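Report on one structure; see the data block that follows.
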Amino acid sequence: MKILVTGGAGYIGSHFVKKIISSGHTPVVLDNLSRGFLNAVPGNVEFHNDDLRNDHVRENLREILKDVEAVVHFAAFAYVGESVENPGLYYHNNVAGSLNLIMAAAEAGIKKIVFSSTCSVYGNPANIPISEDEKPGPINPYARTKLMIENILSDYHTSHGLNYVALRYFNAAGADPEGEIGESHNPETHLIPIVLQTALGKRDKINIFGDDYNTPDGTNIRDYIHVDDLAEAHLKALNFLEREKRPDVFNLGTGHGASVKEIIEAAEKITGRKINQETGPRRPGDPDILVADNKKAKEILGWVPRYNLNDIIQTAWNWQKNPKY
Numbered sequence: 003m004k005i006l007v008t009g010g011a012g013y014i015g016s017h018f019v020k021k022i023i024s025s026g027h028t029p030v031v032l033d034n035l036s037r038g039f040l041n042a043v044p045g046n047v048e049f050h051n052d053d054l055r056n057d058h059v060r061e062n063l064r065e066i067l068k069d070v071e072a073v074v075h076f077a078a079f080a081y082v083g084e085s086v087e088n089p090g091l092y093y094h095n096n097v098a099g100s101l102n103l104i105m106a107a108a109e110a111g112i113k114k115i116v117f118s119s120t121c122s123v124y125g126n127p128a129n130i131p132i133s134e135d136e137k138p139g140p141i142n143p144y145a146r147t148k149l150m151i152e153n154i155l156s157d158y159h160t161s162h163g164l165n166y167v168a169l170r171y172f173n174a175a176g177a178d179p180e181g182e183i184g185e186s187h188n189p190e191t192h193l194i195p196i197v198l199q200t201a202l203g204k205r206d207k208i209n210i211f212g213d214d215y216n217t218p219d220g221t222n223i224r225d226y227i228h229v230d231d232l233a234e235a236h237l238k239a240l241n242f243l244e245r246e247k248r249p250d251v252f253n254l255g256t257g258h259g260a261s262v263k264e265i266i267e268a269a270e271k272i273t274g275r276k277i278n279q280e281t282g283p284r285r286p287g288d289p290d291i292l293v294a295d296n297k298k299a300k301e302i303l304g305w306v307p308r309y310n311l312n313d314i315i316q317t318a319w320n321w322q323k324n325p326k327y
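Numbers given in the working numbering equal positions in the sequence shown, counted from 1, plus 2.
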């Protein structure tokens, strides 16, 4: 299958590209490289340096999509704080860019889209673990853009028969087990790479935002899922669309949470280094616990996460010691 991967030079997108190549599929990558890395894309992969926001992109997509059978859409900005400070950037990039892509896909007769969504659409959930039955209630512009795109996809299913899977994933973490690609953000906002960069001496300390949460050790708990498991889930979502020919939504997480302090403790054991830490006030809007109910993905997609927390931290550590970009 020939698959258009938008954002295929980014963190999760590049891991998916590697996954589908090993599975016998042919990726076509579109990325504007504003936050991705060309080095993350294999040199023999068809690559288009383009921006989904551009006026001419739908014309370009007509040519790109001629032989494409499916689209996997990762391209988005994903910093919550930035989205609060500059919501227009997020609505323009995430929503307008996605609309251009979806319109072009519909015009090209594409019937299969897998969309990279987020558990942030649930906001402050009423129930833990969080199932797909939880009512969405996004509390920041980033999350609202993702839910808007899900709604656009639903409307295009009604109007054009476009089938889609929205994958709402929890905290992506880890790196390629072979060390070829990994996580690199500027600025880095994810906990595990920040902890490991502190272990390497690239940072003086890790700031813990609050130790008064309603959790066993007072720090908030999140569900960390290995990026390779996420890549596998996107492939299984494509198989689902090929088989079932209907839209659906799935949570992607391990079903197990780890606190900030547990992450630091595990990282100290794996790295063999003391990690300096400092506790400050909590950030507004941070829920105590976010953990996925992943039964639906297991039962319908046949997806089972393979990596545990130690695997996640070990692969991330291997990458942080020797990043390729």
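Ideal Cβ positions, reconstructed from N, Cα and C, are used throughout, including at glycine.
If you're wondering where the values come from, they're calculated on a predicted model, not measured in any experiment.
Nearest to residue i by CA position, among the options, is which residue?
i                 : options                           : result
histidine 228     : Tyr309, Arg146, Asp52 and Gly181  : Tyr309
serine 321        : Leu254, Asp52 and Pro179          : The sequence as given places tryptophan at residue 321; serine does not occur at that position. The shortest Cα separation from tryptophan 321 among Leu254, Asp52 and Pro179 belongs to Pro179.
aspartate 52      : Ala108, Pro140, Lys21 and Asn102  : Asn102
glycine 184       : Arg275, Ala42 and Ile5            : Ala42
phenylalanine 172 : Thr120, Glu244, Tyr327 and His187 : Thr120
alanine 145       : Pro195, Arg170 and Gly163         : Arg170
serine 122        : Ala174, Ile154 and His159         : Ala174
proline 131       : Ile223, Leu6 and Ile23            : Ile223
serine 379        : Asn153, Lys238 and Gly212         : Beyond the ends of the chain as shown, which are 3 and 327, falls residue 379; an answer cannot be given.
phenylalanine 117 : Ile208, Asp250 and Ala268         : Asp250
glutamate 270     : Asn312, Pro307 and Tyr13          : Asn312
valine 306        : Ser186, Leu67, Glu234 and Pro286  : Glu234
methionine 105    : Glu264, Asn88 and Leu67           : Leu67
leucine 254       : Asn88, Leu237 and Glu267          : Leu237
aspartate 57      : Leu240, Pro127, Asn188 and His94  : His94
glutamate 264     : Asp225, Asn241 and Phe242         : Asp225
At what residues does the alpha helix (DSSP H) containing residue i begin and finish?
i             : result
lysine 271    : 262-273
threonine 120 : Counting along the chain, threonine 120 falls outside any alpha helix (DSSP H), though it belongs to the beta strand (DSSP E) covering 114-120.
threonine 160 : 143-162
leucine 311   : 311-323
glutamate 84  : 82-87
asparagine 62 : 59-66
alanine 299   : Where alanine 299 is concerned, there is no enclosing alpha helix (DSSP H), given that its DSSP letter is neither H nor E.
glycine 287   : Element bounds for glycine 287: n/a, residue is neither H nor E.
List the residues that DSSP assigns as beta-bridge partners of residue i.
i                 : result
phenylalanine 211 : Gly282
leucine 292       : Arg224
leucine 6         : Val30 and Val73
alanine 174       : Ile227
asparagine 253    : Arg170
glutamate 48      : Val30
isoleucine 2      : The structure shown does not extend to residue 2, since the chain is modelled only from 3 to 327, so the question has no answer here.
For residue i, report the span of its beta strand (DSSP E) as first-last.
i                : result
histidine 228    : 226-228
tyrosine 166     : 165-171
phenylalanine 18 : Phenylalanine 18 -> not in any beta strand (DSSP E); alpha helix (DSSP H) instead, spanning 13-24.
message = Across the region 105-114 and the region 68-87, are there enough close Cβ pairs to call them in contact, namely three or more that are closer than 8 Å?
response = yes
message = Would the region 127-141 count as touching the region 85-105 if we require 3 or more Cβ pairs under 8 Å?
response = Cβ pair count under 8 Å is below three, so no.
query = With contact counted as at least three CB pairs below 8 Å, one residue from each stretch, are the region 208-225 and the region 290-305 in contact?
reply = yes
query = Is the region 193-203 close to the region 275-285, with three or more CB pairs under 8 Å?
reply = yes
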